[in-house]
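If you count the sequence shown from 1, you need to add 1 to reach my numbering.
Virtual Cβ for every residue (Gly too), placed ideally from N, Cα, C.
Every value quoted in this text rests on a predicted model; they were computed, and no experiment measured them.
Here's the structure we're looking at; comments come further down.
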Amino acid sequence: MAILITGGAGYIGSHTIVELKKRKYDNLLSVDNFSNSTPQSYNRIKKVVGEDINQLNIDLADNQMVRELFKKYAIEGVIHFAALKSVPESVEKPLEYYANNINSLINLLDCCKEFEVNKFIFSSSCSVYGNPNELPVTEETPFGKAESPYAYTKQIGENILKDFCKAHINFKALSLRYFNPAGADESGLMGEIRTESPNSLVPILAQQAIGIRNSFEVFGTDYNTIDGSCIRDYIHVSDIAEAHVIAFEHLSTMKSNYDVFNLGSGKGNTTLEVVKAFEKENKVKLNYSLSGRRNGDVEAIFANNDKAKNLLHWTPKYQLEDIVSSAWKWQKNADQ
Ligand SMILES: NC(=O)c1ccc[n+]([C@@H]2O[C@H](COP(=O)([O-])OP(=O)(O)OC[C@H]3O[C@@H](n4cnc5c(N)ncnc54)[C@H](O)[C@@H]3O)[C@@H](O)[C@H]2O)c1
C-alpha cells in the first residue's frame, strides 16, 4: 500500500518525500500537475535519496483522473500538499483558487470514502487565524477574518475535513497549520522552487544576494515591534517535513478522528532580524529599502507549538541561522 503525496514536486512535498524515504517509507506515490513546479524536482529528490520516486502527472481538480488513480493504486493514506498558494495571486484570481484548492480536496475525500482510505493529512496555514488579537496563537485561537481568498480556501478546507470526519468515524485526519516554512534541505541539492517573483522573504533575500534582483523592500517600519518591521514565525522546511512523518504515524493511535496542530518554531522574528541573520551567516551585504506598510500584512504572528511538542513529540531542530544558510547554499546551486 502506498502513501499518496499530492503536490510532491512542490517545496514542502518534496522535502517530506525525502524525510519519508530517510525513515524507510519506501512505498510512496507522488502526484502533481506541475502548475507550480517541474518534473525536475524528482531528479533533485533522487540526488538526495538515491532513488527514483514513483510519480504521476495528475490534476487533482479533475474528478475522473482522481478516481482512476484510486482505482489503479492501493493507497494507505494521503498527505495532501497540492494547492495554489500565492496570496496576491488569489486576490487577482479568486475563482482559480477556490476551484483548484477546494475541488482537489473534495475529489480526494470522495475517493477516500469510496476506496476506504482512512488516513489524511491536510496542509493548512497560520493564515486561518487572520490578524490575531492575542499572541502566540494556539490551536484554540478562533479563525480570524480571512485576509485573502487563499486564506479562505484553508479555512473552508479545514471545515470540510472536520465535517467529513464527523460523518465518517473510521476516517482519521489532521490539519497542520504551517507558519512560515523557509530554508532548504541541508544538502543544498533541493529547496524552494525558484520563481521569478517569490512571495516569501527568504528566497527574495537569496535572489538579491546572488544578483537576480537589484534590491528589495522591507514593508513597514512603524509596527509595534523592536525595530518597526513585522514579525513572523520562520520554521525550517525540514522540520515541517519531519512533522508530517510523525503526524502520519500519529493517525494510527489518536483517540479522536480529527485534530489540528500548529507547526511553527514558537518564536517570532522581525523581517529586519531575518535580513541581518542572512547577512551575518552568509557574509553578504544585502541591498534594500525601507517602505510603508503593505496592504493585508498583519503586524505580528507566531505560534504556540506546545500541542505538537506534547502530543506529537515533535520539536523543531533548526534555528533561523540554519534557515538562512541552507537557503543560501541552495540559491548558489547552479541546478536551481
Ligand atoms: N510554503 C508556505 O509558505 C506555506 C505556508 C502555509 C501553508 N502552505 C501550504 O502547504 C502546501 C504546500 O505548499 P508548498 O510551499 O510546497 O507549495 P508548492 O506550490 O511548492 O507545492 C504545491 C504543489 O502542488 C501542485 N498542485 C497545485 N494544484 C494542483 C492540482 N490541482 N493537481 C496536482 N498538483 C497540484 C503544484 O504544482 C506544486 O508542485 C500548500 O497547500 C500550501 O497552501 C504553504
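- The C-beta distance from residue 326 to residue 282 rounds to 5 Å, short enough to fall under 8 Å.
- The Cβ atoms of residue 185 and residue 25 do not sit closer than 8 Å to each other.
- Here residue 182 is bridged, per DSSP, to 236.
- Between residue 138 and residue 151, the gap from beta carbon to beta carbon reaches 8 Å or more.
- Contact check between the stretch 239–251 and the stretch 199–206: fewer than three CB pairs, one atom from each, fall below 8 Å, which does not count as touching.
- Distances between the C-beta of residue 124 and the heavy atoms of ligand 1 include at least one below 7 Å.
- For residue 314, the number of other beta carbons within 10 angstroms of its own is below 16, and it is reported as exposed.
- Each residue's CA atom was taken as its position, placing residue 59 and residue 304 some 34 Å apart.
- A residue is called buried when at least 16 other Cβ atoms come within 10 angstroms of its Cβ; residue 216 does not meet this threshold and is exposed.
- About 11 Å separates the beta carbon of residue 76 from that of residue 121, a gap too long to meet the 8 Å contact definition.
- In the three-state reduction of the DSSP assignment, residue 3 falls in the strand class, which pools E and B.
- Under the rule that a run must span 3 or more residues, the beta strand (DSSP E) segments found entirely inside the stretch 209–275 read 217–220, 235–237, 259–264.
- Taking the Cβ atoms as the reference, residue 324 lies roughly 14 Å from residue 210, outside the contact range of under 8 Å.
- If the five residues before and after residue 332 are omitted, its C-beta is found closer than 6 Å to the C-beta atoms of 207, 211, all from its own chain and listed in chain order.
- If you look at residue 56, you'll find it in the beta strand (DSSP E) that goes 56–58.
- Here the distance from the Cβ of residue 31 to the nearest heavy atom of ligand 1 is not below 7 Å.
- Between the stretch 8–19 and the stretch 140–156 there are fewer than three inter-stretch CB-CB distances shorter than 8 Å, so the stretches are not counted as touching.
- Going by beta carbons, residue 45 and residue 190 fall inside the 8 Å limit.
- If you check the CB distance, residue 232 and residue 265 do not come in under 8 Å.
- Counting only the Cα atoms, residue 187 lies some 10 Å from residue 319.
- Straight-line spacing of the CA atoms in residue 276 and residue 99 works out to 34 Å.
- The DSSP assignment places complete beta strand (DSSP E) segments of no fewer than 3 residues inside the stretch 148–181 at 173–179, in order along the chain.
- Annotation note: the stretch 277–328 contains the following uninterrupted beta strand (DSSP E) runs of length 3 or greater, listed N- to C-terminal: 289–292.
- DSSP, read as helix, strand or coil, puts residue 77 in strand.
- Taking the Cα positions, residue 68 is about 17 Å away from residue 102.
- When distances are taken from the beta-carbon of residue 86 to the heavy atoms of ligand 1, the shortest one is below 7 Å.
- Ligand 1 has no heavy atom closer than 7 Å to the beta-carbon of residue 270.
- Boundaries of the alpha helix (DSSP H) around residue 106: 104–115.
- With a threshold of 16 other beta carbon atoms within 10 Å, residue 30 meets it and is buried.
- Pairing residue 132 with residue 172 gives a Cβ-Cβ distance that is not under 8 Å.
- Here DSSP, grouped into helix, strand and coil, assigns residue 144 to coil.
- Burial is judged here by how many other beta carbons sit within 10 angstroms of a residue's own beta carbon; residue 317 has at least 16 and is buried.
- Remark: the C-beta of residue 179 is in contact range of ligand 1, defined as less than 7 Å to any heavy atom.
- Checking the DSSP bridge columns, you'll see residue 33 partnered with 58.
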